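A.B. asks:
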Amino acid sequence: MPEARITVDPAFRVGPVDPRLYGSFVEHLGRCVYTGIYEPDHPTADKHGFREDVAGLTRELGVPVIRYPGGNFVSGYRWEDGIGPAGERPVRLDLAWRSIEPNAVGTDEFCAWARRVGSEPMLAVNLGTRGPDAAARLVEYCNHPGGTYWSDLRVKNGTAEPHDVRVWCLGNEMDGDWQIGHKTADEYGRVAAETAKAMRLVDPGIELVACGSSHAQMPTFGSWEATVLGHCYEHVDYISMHSYYTVHDHDRASFLACATGMDSFIEALVATADHVRAKGRHAKRINLSFDEWNVWHTLGFQSEGDWERAPRLIEDTYDLTDAVVVGNLLISLLRHADRVHMACQAQLVNAIGLIRSEPGGPAWRQTIFHPFALTSRHGRGTVLQTPVAGPEYETPAYGAVPQADAVAVLSDTGDELTVFAVNRDQREPLPAVIDVRSLPALRVAHHTYLGDDDPSAANTQDAPDRVVPRAGDDLAVDDGLVRVVLPPLSWNMIRIGGGDR
Ligand code: AHR
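Following our numbering, the numbering of the sequence shown begins with 9 at its first residue and continues without gaps.
1) Let me know if residue 263 comes out buried or exposed under the rule of 16 or more other beta-carbons within 10 Å of its beta-carbon.
2) Less than 7 angstroms separating the Cβ of residue 180 from some heavy atom of the ligand AHR?
3) Mind checking whether the beta-carbon of residue 582 lies closer than 7 angstroms to any heavy atom of the ligand AHR?
4) Looking only at DSSP bridge pairs, what is residue 428 linked to?
5) Confirm, please, whether the CB-CB distance from residue 72 to residue 28 is below 8 angstroms.
6) Residue 303 and residue 203 - do their beta-carbons sit closer together than 8 angstroms?
7) Measure the CB-CB distance between residue 166 and residue 116 and report whether it falls below 8 angstroms.
8) Since I believe residue 241 is in contact with residue 288 (beta carbons under 8 angstroms), could you give me their beta-carbon distance rounded to a whole number of angstroms?
9) Could you check if residue 78 belongs to the surroundings of the ligand AHR, using beta carbon to heavy atom distance under 7 angstroms?
10) Pairing CB atoms from the segment 466-480 with CB atoms from the segment 30-46, are three or more of them under 8 angstroms?
11) What did DSSP end up calling residue 274 once you bin it into helix, strand or coil?
12) So, residue 206 versus residue 143, is the Cβ gap smaller than 8 angstroms?
13) State buried or exposed for residue 388, treating a residue as buried only when at least 16 other CB atoms are found within 10 Å of its CB.
14) Which residue or residues does DSSP assign as beta-bridge partners of residue 313?
15) Who are the near neighbours of residue 509 in its chain, counting only those whose CB is closer than 8 angstroms to its CB and skipping five residues on each side?
16) Taking contact to mean 3 or more Cβ pairs, one atom from each stretch, closer than 8 angstroms, check whether the segment 211-230 and the segment 159-174 are in contact.
17) Please report the Cβ distance between residue 430 and residue 500, rounded to the nearest whole angstrom; I am assuming they are in contact, meaning their Cβ atoms lie under 8 angstroms.
18) Would you kindly work out how many angstroms separate the C-alpha atoms of residue 48 and residue 343, rounded to a whole number?
19) Just mark residue 84 as buried or exposed, buried being the case when its beta carbon has 16 or more other beta carbons within 10 Å.
20) Indicate, with yes or no, if the ligand AHR has a heavy atom lying under 7 angstroms from the CB of residue 296.
21) Let me make sure I understand the geometry here. Which of 31, 152, 105 has the alpha-carbon closest to that of residue 70?
22) Taking the alpha-carbon of residue 55 as reference, which of 104, 23, 19, 124 has the nearest alpha-carbon?
23) What runs of the alpha helix (DSSP H), each 4 residues or longer, lie entirely inside the segment 114-169?
24) Which same chain residues end up closer than 6 angstroms to residue 323 when comparing Cβ atoms and leaving out the 5 residues on each side of it in sequence?
25) Answer yes or no: the CB of residue 418 versus the heavy atoms of the ligand AHR, is any distance below 7 angstroms?
26) Just to confirm, is the Cβ distance from residue 503 to residue 426 under 8 angstroms?
27) Going residue by residue through the segment 73-98, where are the continuous alpha helix (DSSP H) segments of at least 4 residues, counting only ones entirely within it?
28) Express the C-alpha separation of residue 162 and residue 151 in angstroms, rounding to a whole number.
29) Any contact of the segment 178-195 with the segment 224-238, i.e. 3+ C-beta pairs under 8 angstroms?
30) According to DSSP, simplified to helix, strand and coil, what is residue 452?
31) Alpha carbon to alpha carbon, how far is residue 221 from residue 398? Give it in angstroms, no decimals.
32) Return yes when the C-beta of residue 355 is under 7 angstroms from any heavy atom of the ligand AHR, and no when it is not.
33) Give every residue of the same chain whose Cβ lies closer than 7 angstroms to the Cβ of residue 277, excluding the five residues on either side of it in the sequence, and list them in chain order.
34) Is DSSP giving residue 381 helix, strand or coil here?
35) Under DSSP, the beta strand (DSSP E) around residue 251 begins and ends at which residues?
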């Protein structure tokens, strides 16, 4: 029987994991905000109107950073509409999603909620219909201590201490013609540079993300980033990337290997950013913010509302197969931890969400919640280079790909190694041998996996725990070799430690 051989050695490191790799995203889209995180009439609502059941699941998930307020939404957003007394806020048309935006939740409410769930806010500014002035005023409103018009307005609105927002996105998907205020690379590069300068004049300590391509298949991918960074390299810290994955033409074999596509996308963008660095004789490196990623099957339809409040938009129900793919995408992100410092799974609740909630009803974990939460909890420390030798299979999209993919993370204390692995084979289990002889103190291992006889098994309101992590019982440790069987179509976590656990 074929087997996978996974070798780890602490001498061969990729780099430290920035916890912000485990970010998520809350957009004013569908029911992500309204009846997602916020529902004042809900039985679990806190005194601020936010659902405590959803907040609890968000804490359990472990998302150190949450991007807000969009997404496509931000490119038509006036942030001033979302501050001040609730009764005086304007109701607006949200042109991005053809929805009614009541502005009941805005910057103050979101930032306070993010802190309450253990996250830091990552705010995007509108570079579609607005520019440097509105962006700099928002930084002043959020981060300046007081004594000026905008900072005093924040204090008057009830937030005495600054929100202290460290990370800011300079617009959203400005390369896409669907974006309100879509721009050419030169137009965007210039406005991004000038906006970054103005925002940093208000607060020099902020980190800034320039928009990269909306996805790797954009016709301008590569040249967009090179041109944009040509204008704003010295003014920004990160370039963004977005990607959503689905099954094309019933080709599940390629879908299961789409982390290969994520690997290529990241490596191409690193090469492009480093090309601009060399060309411009820049000293610093631009790192990557993969600030929208997920599986998204309803792509291309069900994406616009009919001028409703909180419409049900892009509410994908995720199954076991999707969870294995999401776990594999996290493996890809970790594998590139030296350059991908931030990533935001899109999105947190209801709209392509990790969490689902019903108005007035329960909230539950989608299947994809589980690999995310476990990777966020245990994938902290230093990523090690993790070569995997083993069987391959052919895919229409990526050619020959490995049946197993894996990455290992060594804890900062050095007394625990966690290996995340997937078996992409839809029918056969795969024995794996993890060679940890270079870490002789580690001799006890535990196996947790997500697998099921039914690849379409999903968690629903009636069966919220249909798919949950299970403890594996097919594991042995022998002279520095951990032998484990990866079930068919499974995501796996093998924790190897020194203690008697
Ligand atoms: O996450 C949903 C949408 O996908 C975002 O609004 C947009 O940035 C992307 O196209």
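C-beta: ideal position from N, C-alpha, C; glycine also.
In this text, all values refer to a predicted model and were calculated from it rather than measured experimentally.
C.D. replies: This is what the structure holds:
1) Buried, by the Cβ-count rule.
2) Yes.
3) Missing from the structure shown is residue 582; the chain here goes from 9 to 509 and no further.
4) By DSSP's assignment, residue 428 forms a beta bridge with 415, 501.
5) Yes, they are a contact pair.
6) Judged by beta-carbon spacing, residue 303 lies beyond the 8 angstroms limit of residue 203, meaning their Cβ atoms are not closer than that value.
7) Their beta carbons are under 8 angstroms apart, which means residue 166 touches residue 116 by this criterion.
8) Confirmed, about 6 angstroms.
9) Checking the Cβ of residue 78 against the ligand AHR gives yes.
10) Taking a contact to require three or more Cβ pairs closer than 8 angstroms, the segment 466-480 and the segment 30-46 do not qualify as touching.
11) Correct three-state label for residue 274: helix.
12) Taking 8 angstroms as the cut-off, the Cβ atoms of residue 206 and residue 143 count as close.
13) Residue 388 comes out buried.
14) Beta-bridge pairing links residue 313 to no other residue.
15) Below a pLDDT of 50, predicted positions are generally treated as unreliable, and residue 509, at 46, falls in that range; no measurement from the model is reported.
16) When C-beta atoms of the segment 211-230 are compared with those of the segment 159-174, three or more pairs fall below 8 angstroms, so the two segments count as touching.
17) About 7 angstroms; that satisfies the 8 angstroms criterion.
18) So the two alpha carbons sit approximately 41 angstroms from each other.
19) By the neighbour-count rule (16 or more Cβ atoms within 10 Å), residue 84 is buried.
20) In terms of side-chain proximity, the C-beta atom of residue 296 is found no nearer than 7 angstroms to any non-hydrogen atom of the ligand AHR.
21) Considering only 31, 152, 105, the residue with the shortest C-alpha distance to residue 70 is 31.
22) Measuring C-alpha to C-alpha distances from residue 55 to each of 104, 23, 19, 124 identifies 124 as the nearest.
23) 115-124, 140-151, 157-164, all fully within the segment 114-169.
24) Listed in chain order, the non-local C-beta contacts of residue 323 below 6 angstroms within the same chain comprise 358, local neighbours out to five positions each way being set aside.
25) In this structure, the C-beta of residue 418 stays at least 7 angstroms away from each heavy atom of the ligand AHR.
26) Yes, the Cβ-Cβ distance between residue 503 and residue 426 is below 8 angstroms.
27) Correct list: empty.
28) If I take the Cα positions, the gap works out to 10 angstroms.
29) Yes, the segment 178-195 touches the segment 224-238.
30) Reduced to three states, the DSSP call for residue 452 is strand.
31) Cα to Cα, the separation comes out at about 34 angstroms.
32) Residue 355 Cβ: within cutoff of the ligand AHR.
33) Same-chain partners within the cutoff: 220, 233, 247, 249, 296.
34) Helix, per DSSP.
35) Element bounds for residue 251: 246-253.
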